[in-house]
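Undergrad: Following UniProt numbering, the numbering of the sequence shown begins with 1 at its first residue and continues without gaps.
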Amino acid sequence: MSTPSRFKKDKEIIAEYESQVKEIRAQLVEQQKCLEQQTEMRVQLLQDLQDFFRKKAEIETEYSRNLEKLAERFMAKTRSTKDHQQYKKDQNLLSPVNCWYLLLNQVRRESKDHATLSDIYLNNVIMRFMQISEDSTRMFKKSKEIAFQLHEDLMKVLNELYTVMKTYHMYHAESISAESKLKEAEKQEEKQIGRSGDPVFHIRLEERHQRRSSVKKIEKMKEKRQAKYSENKLKSIKARNEYLLTLEATNASVFKYYIHDLSDLIDCCDLGYHASLNRALRTYLSAEYNLETSRHEGLDIIENAVDNLEPRSDKQRFMEMYPAAFCPPMKFEFQSHMGDEVCQVSAQQPVQAELMLRYQQLQSRLATLKIENEEVKKTTEATLQTIQDMVTIEDYDVSECFQHSRSTESVKSTVSETYLSKPSIAKRRANQQETEQFYFMKLREYLEGSNLITKLQAKHDLLQRTLGEGHRAEYMTTRTQDRLSLSLWKAVFGSSISMVFSIRGFSECLVPRWKSMISKIHLREVKTLWLMTRVTMILTQLLAF
1 MSTPSRFKKD KEIIAEYESQ VKEIRAQLVE QQKCLEQQTE MRVQLLQDLQ DFFRKKAEIE
61 TEYSRNLEKL AERFMAKTRS TKDHQQYKKD QNLLSPVNCW YLLLNQVRRE SKDHATLSDI
121 YLNNVIMRFM QISEDSTRMF KKSKEIAFQL HEDLMKVLNE LYTVMKTYHM YHAESISAES
181 KLKEAEKQEE KQIGRSGDPV FHIRLEERHQ RRSSVKKIEK MKEKRQAKYS ENKLKSIKAR
241 NEYLLTLEAT NASVFKYYIH DLSDLIDCCD LGYHASLNRA LRTYLSAEYN LETSRHEGLD
301 IIENAVDNLE PRSDKQRFME MYPAAFCPPM KFEFQSHMGD EVCQVSAQQP VQAELMLRYQ
361 QLQSRLATLK IENEEVKKTT EATLQTIQDM VTIEDYDVSE CFQHSRSTES VKSTVSETYL
421 SKPSIAKRRA NQQETEQFYF MKLREYLEGS NLITKLQAKH DLLQRTLGEG HRAEYMTTRT
481 QDRLSLSLWK AVFGSSISMV FSIRGFSECL VPRWKSMISK IHLREVKTLW LMTRVTMILT
541 QLLAF
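Here's what the structure looks like:
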């Protein structure tokens with residue numbers, strides 16, 4: 001014997017909601033920790049690279065003996081790391097870390113004692129790594145500011161959902177209470193009417209007057225309670241509609257954050273990192289290739305890894321490393337209250353006109369917002385492309401430093417004129433930082449606009465579906481007649497069908513044995529066939545009578 005369904009109490013619903021919000025909040029905190037940890041790992045990686053090249057420059061005169069010690073030193077340092085365990089397991093690493101491992105392997109193949117190479121390491125490569133480290137820290141701080149703003153917006157949406165849900169529960173409880181009071185008044189009225197039906201010739205005139213007065217009081221009380229019930233019922237419907245709309249907007253906002261915004265935040269942290277690291281490592285490659293052609297095979301392996309410095313694949317690997325932090329949460333479900341089985345927005349009177357007006361307002365506002373946000377998006381993309389052009393400039397070729405016709409002094413003079421000492425470089429970096437500032441400003445504006453559009457679009461689409469379904473409600477009144485028509489069709493043609501005709505419209509559903517034929521018939525011919533069939537069914541009905 002099945003037990004009756006138990007309605008969730010208000011406290012249970014609130015506790016379940018707060019638990020889900022708590023999980024999301026914990027996820028947001030964990031995301032920040034992951035991004036911060038990634039930045040720290042990058043800074044540490046870049047610091048290791050700086051130490052590596054600095055040490056390599058110092059021991060260049062004892063290259064054959066000391067380089068092996070250097071490689072072993074850094075390999076031992078990384079063996080206990082998570083990246084090394086992942087490398088041993090499936091060799092699926094972030095591309096910068098992969099380059100680091102290949103670089104250490106290449107060190108063991110090095111056999112060079114050259115002053116030019118040492119000078120390049122000290123005055124070019126190490127300075128690039130320092131700049132990348134500064135840029136990575138700066139990008140993370142700016143991305144963190146945007147992340148906090150997005151988190152606040154998300155929490156506001158969740159708090160709004162909580163408030164709307166509580167309001168819905170309150171109005172629905174009041175509606176139930178008003179309904180019970182109305183039923184009580186109706187029972188009193190029935191009792192009083194039963195008494196008034198007794199023979200009146202034994203009742204005194206004064207008692208008759210009292211009974212009439214009592215009946216009027218009960219009728220007046222019933223009218224008041226009926227009005228109160230209607231008012232509370234309307235409030236309950238509106239509150240439920242608002243709850244459902246807010247629920248849809250909240251789920252859309254949460255989905256957008258986890259699927260789109262979170263990816264954009266990781267992209268912000270990665271902005272210029274891979275490209276700059278690519279340039280720094282290509283500087284190293286250029287020096288090595290011009291130093292000794294016998295090492296080309298090993299350097300080709302590293303070059304292939306540098307070519308694969310790709311932020312998108314690294315972002316995918318990074319998110320796969322922390323699935324618990326970046327996995328989107330479950331959608332918020334409608335929590336029915338006290339037996340309320342309606343889980344859709346009601347588009348019937350007396351709220352239909354209000355919903356239609358709201359739908360039109362949303363449609364108008366969305367059109368304006370989309371145009372404005374599209375312009376911001378174009379500006380953001382153009383600015384991003386400008387930054388990409390800045391960080392992908394090919395300035396890593398140092399082949400001129402290895403011209404054999406030059407003297408030692410001229411070589412040192414050329415090497416000392418690094419790209420950092422040129423006035424144009426300082427101006428270029430200033431322009432880059434200014435462009436970055438503008439990009440982050442526009443990105444913030446675009447994300448805020450798209451968040452608003454997402455919420456409004458979710459409400460708009462739900463209202464559109466609701467209002468569209470509302471127009472089909474009256475079709476259900478002729479369901480019996482429709483079934484009779486289908487039965488007559490079956491009797492006339494002697495076959496079971498899966499084609500359904502509505503009273504006001506025509507919807508195409510293919511009968512299995514007609515599938516190949518109907519697919520070749522024009523819609524107008526199909527409608528003609530339908531009209532002929534309807535005439536046949538009507539004639540059959542007339543003949544039956």
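All residues carry an ideal CB built from backbone N, CA and C; glycine is no exception.
Suppose you measure from the CA of ILE218 to the CA of GLU354; what does that come to, to the nearest Å?
TA: Translated into the one-based positions of the sequence shown, residue 218 becomes position 218. Translated into the one-based positions of the sequence shown, residue 354 becomes position 354. Rounded to whole angstroms, ILE218 to GLU354 spans 35 Å at the Cα level.
Undergrad: As a quick exercise: from MET155, MET356, ILE24, MET390, pick the residue whose alpha carbon is nearest that of ASP461.
TA: As a first step, residue 461 is located in the sequence shown; it is residue number 461 there, counting from the start. Of MET155, MET356, ILE24, MET390, the residue nearest in Cα terms is MET356.
Undergrad: Evaluate ALA15 with the Cβ neighbour count: other Cβ atoms within 10 Å of its Cβ, from every protein chain shown; 16 or more gives buried, anything less gives exposed.
TA: The residue given as residue 15 occupies position 15 in the sequence shown. Answer is exposed; the Cβ neighbour count stays below 16.
Undergrad: Contact defined as beta carbons within less than 8 Å: I believe ALA325 pairs with GLN31. What is the distance between those atoms, to the nearest angstrom?
TA: Taking the first residue of the sequence shown as 1, we reach residue 325 at position 325. Taking the first residue of the sequence shown as 1, we reach residue 31 at position 31. Confirmed, about 5 Å.
Undergrad: Can you find the residues in the same chain that come closer than 7 Å, C-beta to C-beta, to GLY298, ignoring five residues on each side of it along the sequence?
TA: In the sequence shown, residue 298 corresponds to position 298, counting from 1. Cβ within range, chain order: GLN106, ARG109.
Undergrad: Does LEU93 come out as helix, strand or coil in the three-state DSSP assignment?
TA: As a position in the sequence shown, residue 93 is number 93, starting the count at 1. Correct three-state label for LEU93: coil.
Undergrad: CB-CB under 7 Å to GLY505, same chain, minus the five flanking residues each way: which ones, in chain order?
TA: By one-based count along the sequence shown, residue 505 stands at place 505. With a pLDDT of only 34 at GLY505, under 50, the local geometry of the prediction cannot be trusted, and the value read off the model is given with reservation. None.
Undergrad: Taking Cβ to Cβ, would you say GLU160 is nearer than 8 Å to LYS459?
TA: What you label residue 160 is simply residue 160 of the sequence shown in a count that begins at 1. What you label residue 459 is simply residue 459 of the sequence shown in a count that begins at 1. The answer is no: Cβ separation not under 8 Å.
Undergrad: So the candidates are GLN361, ASN451, TYR322, LEU244; which of them puts its Cα closest to the Cα of THR466?
TA: Mapped onto the sequence shown, residue 466 falls at position 466. It is LEU244 whose Cα lies nearest to the Cα of THR466.
Undergrad: At what residues does the alpha helix (DSSP H) containing SER276 begin and finish?
TA: Within the sequence shown, the letter at position 276 stands for residue 276. Unbroken alpha helix (DSSP H) run through SER276: 273-291.
Undergrad: Any idea what DSSP makes of LYS8, helix, strand or coil?
TA: Position 8 of the sequence shown, counted from the start, is the residue given in the question as residue 8. LYS8: coil per DSSP, three-state reduction.
Undergrad: THR293 to GLN403, Cα distance in whole Å?
TA: Here residue 293 refers to the residue found at position 293 of the sequence shown. Here residue 403 refers to the residue found at position 403 of the sequence shown. Whole-angstrom Cα-Cα distance: 15 Å.
Undergrad: With a cut-off of 8 Å on the beta carbons, I'd call THR435 and THR383 a contact; round off their distance for me.
TA: Counting from 1 along the sequence shown, the entry for residue 435 is found at position 435. Counting from 1 along the sequence shown, the entry for residue 383 is found at position 383. Confirmed, about 6 Å.
Undergrad: Between PHE332 and THR250, which are expected to be in contact by the criterion C-beta below 8 Å, what is the C-beta distance as a whole number of angstroms?
TA: Here residue 332 is taken as the residue at index 332 of the sequence shown, counted from 1. Here residue 250 is taken as the residue at index 250 of the sequence shown, counted from 1. With a Cβ gap of about 6 Å, PHE332 and THR250 count as contacting.
Undergrad: If you draw a straight line from the alpha carbon of HIS337 to that of TYR359, how long is it in whole angstroms?
TA: Taking the sequence shown and counting its residues from 1, one reaches residue 337 at position 337. Taking the sequence shown and counting its residues from 1, one reaches residue 359 at position 359. Spanning the two alpha carbons is a distance of roughly 26 Å.
Undergrad: If I measure Cβ to Cβ from LEU104 and keep anything under 6 Å in the same chain, skipping five residues before and after, which residues do I get?
TA: Here residue 104 refers to the residue found at position 104 of the sequence shown. Within the same chain, LEU104 has close Cβ partners ALA71, PHE74, MET75.
Undergrad: Pick from ALA426, ASP119, GLU448: whose alpha carbon is nearest that of PHE53?
TA: Here residue 53 is taken as the residue at index 53 of the sequence shown, counted from 1. Minimum Cα distance to PHE53 is reached at ASP119.
Undergrad: Between which two residues does the alpha helix (DSSP H) containing SER118 stretch?
TA: Counting from 1 along the sequence shown, the entry for residue 118 is found at position 118. SER118 -> alpha helix (DSSP H) spans 115-120.
Undergrad: Could you tell me whether the stretch 127-136 touches the stretch 308-326, where touching means 3 or more Cβ pairs closer than 8 Å?
TA: Too few Cβ pairs lie closer than 8 Å, so no.
Undergrad: Looking only at C-alpha atoms, which of THR167, ASN431, ASN124, ASN373 sits nearest to VAL391?
TA: Walking along the sequence shown from the start, residue 391 turns up at place 391. It is ASN431 whose Cα lies nearest to the Cα of VAL391.
Undergrad: Helix or strand or just coil, what does DSSP make of SER336?
TA: Here residue 336 is taken as the residue at index 336 of the sequence shown, counted from 1. SER336: coil per DSSP, three-state reduction.
Undergrad: Just mark MET139 as buried or exposed, buried being the case when its beta carbon has 16 or more other beta carbons within 10 Å.
TA: Residue numbering aside, residue 139 sits at position 139 when the sequence shown is read from its first letter. Answer is buried; the Cβ neighbour count reaches 16.
Undergrad: Could you tell me the boundaries of the alpha helix (DSSP H) in which VAL342 lies?
TA: For the purposes of this step, residue 342 is taken as residue 342 along the sequence shown, with counting starting at 1. Taken as a continuous stretch (DSSP letters only), VAL342 belongs to no alpha helix (DSSP H), as it is neither H nor E.
Undergrad: ASP397 and ARG279: beta carbons closer than 8 Å?
TA: Here residue 397 corresponds to residue number 397 of the sequence shown, with the count starting at 1. Here residue 279 corresponds to residue number 279 of the sequence shown, with the count starting at 1. The answer is no: Cβ separation not under 8 Å.
Undergrad: Taking the C-alpha atoms as reference points, what is the distance between LYS233 and THR246?
TA: By one-based count along the sequence shown, residue 233 stands at place 233. By one-based count along the sequence shown, residue 246 stands at place 246. One C-alpha to the other measures close to 20 Å.
Undergrad: Would you report the Cα separation of GLN27 and TYR121, rounded to the nearest angstrom?
TA: Locating residue 27 in the sequence shown gives position 27, where the first residue counts as 1. Locating residue 121 in the sequence shown gives position 121, where the first residue counts as 1. Rounded to whole angstroms, GLN27 to TYR121 spans 42 Å at the Cα level.
Undergrad: CB-CB under 7 Å to ASP48, same chain, minus the five flanking residues each way: which ones, in chain order?
TA: For the purposes of this step, residue 48 is taken as residue 48 along the sequence shown, with counting starting at 1. Contacts found: PHE74.
Undergrad: Whose CA, out of LEU102, THR368, MET330, lies closest to the CA of ILE259?
TA: Along the sequence shown, read from residue 1 onward, the residue named residue 259 stands at position 259. Checked all of LEU102, THR368, MET330; the closest Cα to ILE259 is MET330.
Undergrad: Assign ASP261 to buried or exposed, taking buried as 16 or more other Cβ atoms, counted over all protein chains shown, within 10 Å of its Cβ.
TA: Numbered from its first residue, the sequence shown carries residue 261 at position 261. With 16 or more other Cβ atoms within 10 Å, it is buried.
Undergrad: If you follow the alpha helix (DSSP H) that ASN304 is part of, which residue opens it and which one closes it?
TA: Stepping through the sequence shown from its first residue, residue 304 is reached at position 304. Counting along the chain, the alpha helix (DSSP H) containing ASN304 begins and ends at 296-307.
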